[in-house]
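Letter by letter, the sequence shown follows residues 21 to 234 of our numbering.
Glycine included, every Cβ here is placed at the ideal spot set by N, Cα and C.
All figures in this text were calculated on a predicted structure; none of them were measured in a lab.
These notes are about the structure you will find just below.
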Amino acid sequence: MNILAPSMLSIDFGNMERDLNEVYSAGANTIHVDIMDGYFVPNISFGPPVLKHVRRILPDAVLDVHMMVIEPVRYLEMVRDAGADNFTIHFEASKDPEGDVKKIREAGLKVGISIKPNTPVSVLEPLIDKVDQVLIMSVEPGFGGQTFMPQALERISAVRKIRGDVDIEVDGGIYLDNVKEVIGAGANMIVAGSAVFNGNITENVKNFCEILGI
Numbered sequence: 021m022n023i024l025a026p027s028m029l030s031i032d033f034g035n036m037e038r039d040l041n042e043v044y045s046a047g048a049n050t051i052h053v054d055i056m057d058g059y060f061v062p063n064i065s066f067g068p069p070v071l072k073h074v075r076r077i078l079p080d081a082v083l084d085v086h087m088m089v090i091e092p093v094r095y096l097e098m099v100r101d102a103g104a105d106n107f108t109i110h111f112e113a114s115k116d117p118e119g120d121v122k123k124i125r126e127a128g129l130k131v132g133i134s135i136k137p138n139t140p141v142s143v144l145e146p147l148i149d150k151v152d153q154v155l156i157m158s159v160e161p162g163f164g165g166q167t168f169m170p171q172a173l174e175r176i177s178a179v180r181k182i183r184g185d186v187d188i189e190v191d192g193g194i195y196l197d198n199v200k201e202v203i204g205a206g207a208n209m210i211v212a213g214s215a216v217f218n219g220n221i222t223e224n225v226k227n228f229c230e231i232l233g234i
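In structure tokens form, the structure reads like this:
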């Protein structure tokens, strides 16, 4: 099943409640939330208090949390209790990826593993049968509004060959003019920030949903 996950990085925080309700009403029931610590990536975003507020606004949405922090499982219970449904960690940020995946599963959340653009896809092979989703970064993580890296398409296809039934999420530089390529390569979860929140939100979501068949 294809999923559109609008990214909170590009939301107008002065009108967060309005914009969240608009994307949800337009057909996007998954919200992508990037938590950054300023160490793993050169940016600081927001943490569990904001996540908790998003959960209050959208009690029935799927909150897809992308942990761009060092040793992400330190925050597992805090993020879970704030309302997360999915908890994705970076392979590069974990001292024990397999152990962390197990802890996330035991906490009752869906498990995701992510890799940066220059990390070989092969590092996923020991983990891929233990996770629910793989997040392929198609930009260097940390900031919204970047240009899609075309080599991500081969990486998506490589992950799909390793495991045919895993959810493959792609984040970075995805717009209406390239999303078909991303889906064609094997992805089924699309993170879009600027392409959703810039301009007419309802129209943008509906256009994505039409292409994704949702």
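Host alpha helix (DSSP H) of residue i (start-end)
i: Glu174; result: 172 to 182
i: Ile221; result: 221 to 232
i: Ile124; result: 117 to 126
i: Val199; result: 199 to 205
Residue i in three-state terms, based on DSSP
i: Asp39; result: helix
i: Val53; result: strand
i: Asp105; result: coil
i: Ser158; result: coil
i: Asp13; result: Residue 13 lies beyond the range of the chain shown here (21 to 234); nothing can be said about it.
i: Met169; result: coil
i: Met21; result: coil
i: Val85; result: strand
i: Ser45; result: helix
i: Lys142; result: The sequence given here places Ser at residue 142; Lys does not occur at that position. Helix, per DSSP.
i: Ser30; result: helix
Contact check, residue i vs residue j, beta carbons under 8 Å
i: Ile55; j: Ser65; result: yes
i: Ala178; j: Ile194; result: no
i: Ala25; j: Asp101; result: no
i: Val199; j: Val151; result: no
i: His52; j: Ser30; result: no
i: Glu91; j: Lys115; result: yes
i: Ala113; j: Val89; result: yes
i: Ile221; j: Asn22; result: no
i: Pro137; j: Ala172; result: yes
i: Asp105; j: Leu129; result: yes
i: Leu196; j: Phe217; result: no
i: Thr50; j: Val82; result: yes
Delimiting residues of the beta strand (DSSP E) encompassing residue i
i: Val211; result: 209 to 212
i: Asp187; result: 187 to 191
i: Leu78; result: Here Leu78 belongs to no beta strand (DSSP E), and DSSP marks it neither H nor E.
i: Ile133; result: 130 to 135
Residue i: CB within 7 Å of a non-hydrogen atom of the ligand ZN
i: Tyr59; result: Within the structure as shown, the ligand ZN is missing, as the structure has no ligands at all.
CB contact below 8 Å: residue i versus chain D
i: Lys226; result: As a matter of chain content, chain D is missing from the structure shown, which is built from one protein chain.
Beta-carbon separation (whole angstroms), residue i vs residue j, contact threshold 8 Å
i: Glu118; j: Leu147; result: 6 Å
i: Ile182; j: Ala207; result: Not really, about 14 Å apart at Cβ, beyond 8 Å.
i: Ile109; j: Ile133; result: 6 Å
i: Lys123; j: Val93; result: 5 Å
i: Val131; j: Phe111; result: Their Cβ separation, rounded to whole angstroms, is 12 Å, which puts Val131 and Phe111 out of contact at 8 Å.
i: Gly34; j: Lys72; result: With 8 Å as the limit, Gly34 and Lys72 do not qualify as a contact, their Cβ atoms being about 19 Å apart.
field: Three CB pairs or more closer than 8 Å across the segment 185 to 196 and the segment 147 to 156
entry: yes
message: Taking 8 Å as the cut-off, does the segment 37 to 49 touch the segment 57 to 72 (at least 3 CB pairs, one atom from each stretch)?
response: no
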